[in-house]
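All the letters of the sequence shown, read from the start, carry residue numbers 1 to 382 under full-length UniProt numbering.
Remarks on the structure that follows.
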Amino acid sequence: RVLQLPQAPLSPSLFRVMTFTPSKEEFKDFVRYVAYMESQGAHRAGIAKVIPPKGWKPRRTYDDVDDLLIPAPIQQVVTGQSGLFTQYNIQKKPMLVHEFQKTSNLDKFCSPRFADFNELEKKFWKNLTFNPPLYGADISGTLFDPDVPDWNISHLDSILNAVEGKCDDKIKAAQGPSLDFGMWKSAFAWHTEEMDLYRLSYMHYGEPRSWYVVPPEHGRRLEKLAKGFFPGNAQNCEAFLRHKMTLISPTILKKYNIPFEKVIQEAGQFIVTFPFAYHAGFNHGFNCAESTNFATERWIEYGKRATLCSCRQDSVKISMDAFVHKYQPERYSLWKAGKDHVLIDHSKPTPEAAEFQRKADIQRLKVCQENIPHTITPPPPA
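What follows is the structure, encoded as structure tokens:
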């Protein structure tokens, strides 16, 4: 089956995944640092990597994690071929983390030998439909010590907190911390976050995780591609990618000119996912990660226009009224009347980034002035 998609100019440098290494001082203000990242254009790629400053630790010890219960591990059964796959999750009986880790080390499930990432990636897509792995995903809870002040996933500073009392429990569900335990070949299918929110993910320990991301500016093109290849799913639910069942290989993305980037997250590193960034990925072996959703003012436009799943009762739907009323009061009446129609500019950073934009403008002006040749005007003739 051949799909016709409009050609898009590819600018790899524009959408490259950035890596940030904040100082201890910069790391203290989460909201401000995310704003700084966007002032540098990090959001245009869809995700960014953050390496915490030396000495920062989210937890004193992980020695007690082995006896943590994974209440509903899932077996990921994948069907499909030629780079197009559907992932089905079969719930298994509860197991402890050390039991999960022991299973991940069995010959049937352990990581293969590989020379480099490219070889491992090829083995993942080649063997995707064999030996269904287990995934201990979406476990409510945190491994962060409560006294960790900076970038603590269990209590991030976010505008979701500013209106929490005025909204339903959906906000609490969206921003509660969750743990997941992976093994080789366990994967997460293409999706954006609930309500197209931001997400912060931290790899506590274990083997790396590979991420794929499509820049938000090209998200609609990925949706069109997926609908073309999975028409039955699209007919049943407009937002079927929110079901997290659709895996499309990078080979297919290249063939249909969908821009995407890859990044590897290692233990001790954060990944920030930006609004409307379609992402997917897989684990290289046994690992433990923690994540939560959050929001800045820039998210509000995304939340107002998020395409929601209509076929599942447990899908997250957050009322945007309180956010518009608090942060966009001049547009509230239009919003309530259904007339608040504004196109989203995916390239625009969050309003909180204005501070860094001003500094950059001042610096550019200073450089320009320094480069202007100084001329001396001779006095007029007597």
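Cβ coordinates follow ideal geometry from the N, Cα and C atoms, glycine included.
Note that this is a predicted model, so its numbers are computed, not measured.
Is the separation between the beta-carbon of residue i and that of residue j shorter than 7 Å?
| i | j | result |
| --- | --- | --- |
| Ser154 | Ala353 | no |
| Gly136 | Asp180 | yes |
| Ser210 | Phe282 | yes |
| Ser201 | Ala267 | no |
| Ala234 | Lys244 | no |
| Asn89 | Ile70 | no |
| Pro208 | His284 | yes |
| Gly41 | Thr251 | no |
| Thr192 | Phe274 | no |
| Ala306 | Ile159 | no |
| Tyr302 | Gly219 | no |
| Val17 | Ile47 | yes |
| Arg242 | Cys309 | yes |
| Ala174 | Val316 | yes |
| Trp151 | Phe20 | no |
| Ala72 | Ala189 | no |
| Tyr62 | Tyr256 | no |
Does the beta-carbon of residue i have 16 or more other beta-carbons within 10 angstroms, so that it is buried, or is it exposed?
| i | result |
| --- | --- |
| His43 | buried |
| Leu134 | buried |
| Tyr198 | buried |
| Tyr36 | buried |
| Gln313 | exposed |
| Gly141 | exposed |
| Gly338 | exposed |
| Asn293 | buried |
| Pro249 | First, the residue type needs correcting, since residue 249 is Ser and not Pro in the sequence shown. Buried, by the Cβ-count rule. |
| Asp196 | buried |
| Ser291 | buried |
| Thr350 | buried |
| His341 | exposed |
| Lys49 | buried |
| Gly55 | exposed |
| Pro94 | exposed |
| Gln101 | buried |
| Lys304 | buried |
| Glu355 | exposed |
| Pro22 | buried |
| Leu225 | buried |
| Cys58 | Before going further, note that residue 58 is Pro rather than Cys in the sequence given. Buried, since its Cβ has 16 or more Cβ neighbours within 10 Å. |
| Leu156 | buried |
| Phe117 | exposed |
Can you give the Cα-Cα distance for residue i and residue j, rounded to whole angstroms?
| i | j | result |
| --- | --- | --- |
| Leu128 | Lys185 | 7 Å |
| Phe260 | Leu253 | 8 Å |
| Glu119 | Trp125 | 10 Å |
| Thr103 | Ser111 | 12 Å |
| Val272 | Glu194 | 15 Å |
| Asp64 | Leu96 | 12 Å |
| Glu297 | Val324 | 10 Å |
| Ile51 | Met203 | 11 Å |
| Gln7 | Glu223 | At Gln7 the pLDDT is 42, less than 50, meaning the model places this residue with poor confidence and gives no usable figure here. |
| Arg331 | Asn161 | 21 Å |
| Leu5 | Cys237 | Per-residue confidence for Leu5 stands at a pLDDT of 44, beneath the threshold of 50, marking its modelled position as unreliable; no derived number is given. |
| Tyr212 | Glu25 | 31 Å |
| Ala187 | Thr79 | 13 Å |
| Phe144 | Pro231 | 42 Å |
| Ala115 | Lys108 | 20 Å |
| Trp299 | Ala322 | 13 Å |
| Ile139 | Asn287 | 14 Å |
| His346 | Pro53 | 29 Å |
| Glu121 | Phe130 | 15 Å |
| Ser319 | Ala239 | 18 Å |
| Phe85 | Leu247 | 5 Å |
| Arg60 | Asp147 | 11 Å |
| His98 | Pro132 | 19 Å |
| Phe27 | Pro149 | 10 Å |
| residue 440 | Glu217 | With the chain represented from 1 up to 382, any question about residue 440 goes unanswered, as that position is not in the structure. |
| Leu10 | Ala45 | Residue placement at Leu10 cannot be trusted, given a pLDDT of 44 that sits under 50; what the coordinates show is reported in the next sentence. The straight-line gap from Cα to Cα measures roughly 12 Å. |
| Gln328 | Lys359 | 25 Å |
| Leu106 | Met183 | 11 Å |
Look up residue i in the DSSP assignment and give the residues it is bridged to.
| i | result |
| --- | --- |
| residue 383 | Only positions 1 to 382 of the chain appear in this structure, which leaves residue 383 out of reach. |
| Lys262 | Tyr212 |
| Phe270 | Val50 and Tyr202 |
| Asn283 | Arg209 |
| Leu69 | Leu96 |
| Ile252 | In the DSSP output, where bridge partners are listed per residue, Ile252 has none listed. |
| Ile74 | Gln91 and Tyr135 |
| residue 465 | Outside the shown range of the chain (1 to 382) lies residue 465, about which nothing can therefore be said. |
Residue ranges of each alpha helix (DSSP H) within the region 289-367, 4 or longer: Complete alpha helix (DSSP H) runs here, min 4: 299-305, 321-327 and 332-336.
Whole alpha helix (DSSP H) runs in the region 76-112 with 4 or more residues, listed along the chain? 97-104
In chain order, which continuous runs of the beta strand (DSSP E) of length 3 or greater are located wholly inside the region 189-247? 198-206 and 209-214
Counting only runs of 4+ residues fully inside the region 135-163, write out the alpha helix (DSSP H) ranges in chain order. Taking only runs of at least 4 residues, the alpha helix (DSSP H) segments lying wholly in the region 135-163 are 159-162.
In chain order, which beta strand (DSSP E) runs of at least 3 residues are fully inside the region 12-66? 47-50
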